[in-house]
Amino acid sequence: MGQLSLVLLLLSAQWSCAQEDPLLPFSEHLDPEHNVRLKWGFDEIRGTILFELTVNTSGWVGFGFSPKGGMTGADIVIGGVGPKGSYFTDRHATGKSIPLVDQKQNYKLLSLTESDGKTVMKFQRSLESCDENDLPITDIPMKLIYAYGQSDDIMYHSNRRGTKEVNLLKYMPRVNPPNSKYFDMTMVNFTVPANQTYYHCKVMKAPTFDFRKQHIYRIEPVITNFDLVHHLLLYRCPPNVTDPLEAECYTGEGEECVEAVAVWGIGGGAFELPEMAGLPIGGNVGDFFYRLEIHYNNPNKIAGRVDNSGLRFYCTSELRQHDAAILMTGLAVYPGYAIPPKAKSFLTYGLCDTAYIPQVLETPHDLQVFSVAMHTHLAGRKVRVGHFRGEKQIDFLSVDENYDFEYQEVTNLGKTKTVQLGDKLLVECTYNTENRTTLTWGGFSASNEMCLAFLFYYPAMNLSRCWSFPDAESLGSAMRATDKDTLLKMMYVKNWNDTAINQYQQTLKKIDQLVMVTDSFNNGSYNRGTIPDLNVIPSTPCTLLP
């Protein structure tokens with residue numbers, strides 16, 4: 000009987016975990032006693048945010064945003080389920096009195112239930128303020144206030160109220176699961192060469208934890224020299240890599256390791272995975288080696304600097320529901336594509352067509368994408384990741400209209416987005432080269448350029464890359480070049496005025512693309528594709544919410 004109860008308890012926990020709403024990936028208890036729990040998710044593209052407030056009461060519940068943490072100036076909603084049914088109002092507070100009902104009701108109630116002494120209120124609003132009594136929701140921490148009563152008579156709440164500061168749009172949880180530990184994977188006393196750009200790679204083994212499978216739930220940068228370390232990546236190696244190695248990257252050694260498992264860029268901080276997913280380590284991946292790659296940017300070519308940078312991984316034996324993974328998408332980093340000088344806004348594209356994933360995996364499945372890290376170098380100004388289904392754009396996975404080379408981080412999407420097999424993902428990067436007089440080539444140096452988006456998703460697949468590159472033969476034909484050398488000469492001697500820049504951009508977009516998908520063992524599929532048009536997804540006006 001005891002074993003049966005344990006089995007039923009485990010099944011119940013698994014079922015509860017499986018019922019996590021992908022539209023509400025974040026949650027916080029607002030009070031120390033855990034009587035008030037807020038769950039939320041958002042869509043920055045459409046400009047909306049969704050809340051679900053659960054309170055241990057059968058009376059009225061209130062929730063809002065406050066400029067200073069008190070009642071005065073607060074933007075509030077109050078709701079509940081009374082004898083005559085549910086009630087829900089958008090209000091504002093002018094002082095320590097019952098909040099006044101707004102003339103314009105800018106919150107949309109989606110559901111309101113009461114059972115077993117709990118009231119659950121689910122509602123939506125615009126991120127922007129829709130009238131003078133609403134407060135905008137921005138990417139800085141906000142003071143959230145709550146209160147509730149023991150009956151449906153809205154009156155003084157006594158001590159059943161509180162305030163908590165939370166960054167809703169840049170939320171990063173900090174959990175402390177049982178049986179947790181951490182380990183570091185870093186360089187050790189590496190002397191950075193006096194080169195402007197240098198990539199150093201170290202192939203090593205991770206701890207095995209007695210060969211038990213663990214889940215990594217948090218990743219922190221361990222940076223010795225912030226002025227030198229531009230970005231770093233950790234790749235899992237295939238089983239045929241069995242020896243440690245340390246050498247300059249991309250010189251022919253250790254390049255079999257292609258499955259990204261962690262990424263960090265300059266200006267970024269710690270990253271914590273959602274509660275339903277973790278990066279696997281140990282167990283059946285316990286014998287794998289990993290390749291740590293660090294890009295050192297040393298513009299002053301200073302000699303003798305010693306570095307011990309890398310990553311710290313927090314893991315737990317309390318396994319989560321899903322194994323997570325990272326898929327690299329965008330424009331393949333190969334020599335051969337160029338960005339003209341004197342360009343105010345030049346676009347490049349990288350296409351991932353997930354219809355080709357079954358060509359490299361036997362049992363592929365949809366991707367549940369929860370975070371994205373986007374990456375360009377110094378000329379990058381904007382990055383957009385478009386999502387297409389059935390030849391039609393349905394969404395953006397992520398958008399950064401103000402990309403900053405000095406501030407690169409993993410961004411939570413606000414809600415989990417499903418990429419179905421057959422969908423296409425288009426990574427578009429916008430560059431500014433007005434202050435440059437020569438071509439900017441794609442490549443690894445900080446003065447070269449990249450256009451990448453790293454997608455964090457679950458359940459994990461043995462997949463490393465899904466990206467594209469302009470077909471060289473198609474480009475040569477479109478540019479009327481008879482061979483590669485002729486094309487290069489044309490590019491170097493061309494008068495890059497606005498007309499020439501625009502024509503070249505349109506040529507790159509309309510020619511065939513080589514679309515490549517590779518698995519964790521570097522087996523690939525190679526197909527042709529074309530770049531679809533990327534459109535703007537309109538935001539939801541305040542008038543459409545109620």
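Residue numbers (numbering that gives the first Met the number 0): 0 to 545. Every residue, glycine too, gets a C-beta built ideally from N, C-alpha and C.
Pick from the options: whose alpha carbon is nearest that of residue i?
i    : options                : result
T347 : M460, K300, H374       : H374
Y147 : F189, S128, G379, S57  : S57
C236 : H230, H229, L244       : L244
M141 : Y406, K201, N166       : N166
D89  : V80, L99, K95          : L99
L583 : L318, L49, L350        : Since the first residue of the chain shown is 0 and the last is 545, residue 583 is not available in this structure.
T506 : P273, T529, Y155, L377 : T529
E427 : I48, P531, N494        : P531
G267 : P458, A342, I218       : I218
F455 : T137, V260, T539, S446 : V260
S444 : N188, V332, T353, N175 : V332
S538 : H229, R45, H28         : R45
V398 : I536, G277, Y491       : I536
T118 : P192, F345, Y86, R124  : Y86
R36  : D152, M120, N461       : M120
F50  : G69, N431, R124, P206  : R124
F287 : P192, P206, E400, Y181 : P206
S446 : D151, N521, L462, N297 : N297
For residue i and residue j, I'd like the C-alpha separation in whole angstroms.
i    : j    : result
V60  : T415 : 28 angstroms
N307 : L451 : 26 angstroms
A372 : G161 : 35 angstroms
Y295 : Y249 : 14 angstroms
F41  : K300 : 44 angstroms
P279 : I215 : 6 angstroms
M186 : R159 : 52 angstroms
G335 : G441 : 7 angstroms
V382 : F312 : 28 angstroms
V409 : L533 : 23 angstroms
L23  : L412 : 11 angstroms
C256 : G281 : 17 angstroms
F404 : L231 : 14 angstroms
L168 : N132 : 21 angstroms
D394 : R304 : 45 angstroms
E271 : P172 : 6 angstroms
N501 : P340 : 12 angstroms
R211 : Y181 : 15 angstroms
N188 : N224 : 12 angstroms
L291 : E361 : 29 angstroms
T240 : L462 : The identity of residue 240 in the sequence shown is Val, whereas the question assumes Thr. Their backbone Cα atoms lie some 17 angstroms apart in a straight line.
How would you label residue i, buried or exposed, when you count the other beta carbons within 10 angstroms and need 16 or more for buried?
i    : result
D484 : exposed
A73  : buried
A12  : With a pLDDT of only 37 at A12, under 50, the local geometry of the prediction cannot be trusted, and the value read off the model is given with reservation. Exposed, since its Cβ has fewer than 16 Cβ neighbours within 10 Å.
Q213 : buried
V368 : buried
G251 : exposed
Y170 : buried
A92  : buried
L9   : With a pLDDT of 36 at L9, under the threshold of 50, the modelled position of this residue cannot be trusted; read the value that follows with caution. It counts as exposed.
T137 : exposed
H28  : exposed
M154 : exposed
P558 : What the structure shows of the chain is the stretch from 0 to 545, and residue 558 is not part of that stretch, so it cannot be assessed.
N494 : exposed
D101 : buried
D352 : buried
I222 : buried
M460 : buried
T481 : exposed
Since residue i and residue j should fall inside the 8 angstroms C-beta cutoff, what is the C-beta to C-beta distance between them, to a whole number of angstroms?
i    : j    : result
I338 : T439 : 4 angstroms
G264 : Q407 : 3 angstroms
Y457 : H364 : Wrong, their Cβ atoms sit about 10 angstroms apart, outside the cutoff.
T315 : P176 : 4 angstroms
V76  : F122 : 6 angstroms
L126 : I48  : 6 angstroms
T517 : V262 : That pair is no contact at about 17 angstroms.
V191 : L233 : Not really, about 19 angstroms apart at Cβ, beyond 8 angstroms.
Closer than 6 angstroms to a non-hydrogen atom of the ligand ATP - does that hold for the CB of residue i?
i   : result
T88 : In terms of ligand content, the structure shown is empty, and the ligand ATP therefore cannot be addressed.
Do we get a CB-CB distance below 7 angstroms when we pair residue i with the residues of chain D?
i    : result
G389 : Looking at the structure shown, chain D is missing, and only one protein chain is on hand.
Review point. Can at least three beta-carbon pairs, one atom from the region 493-513 and one from the region 460-476, be found at a separation below 8 angstroms?
Key: yes
Practice item. Could you tell me whether the region 452-469 touches the region 326-334, where touching means 3 or more Cβ pairs closer than 8 angstroms? Key: The region 452-469 makes contact with the region 326-334; the number of CB pairs closer than 8 angstroms reaches 3 or more.
Practice item. Indicate whether the contact test is met: 3 or more Cβ pairs, each with one atom in the region 28-37 and one in the region 106-115, closer than 8 angstroms. Key: no
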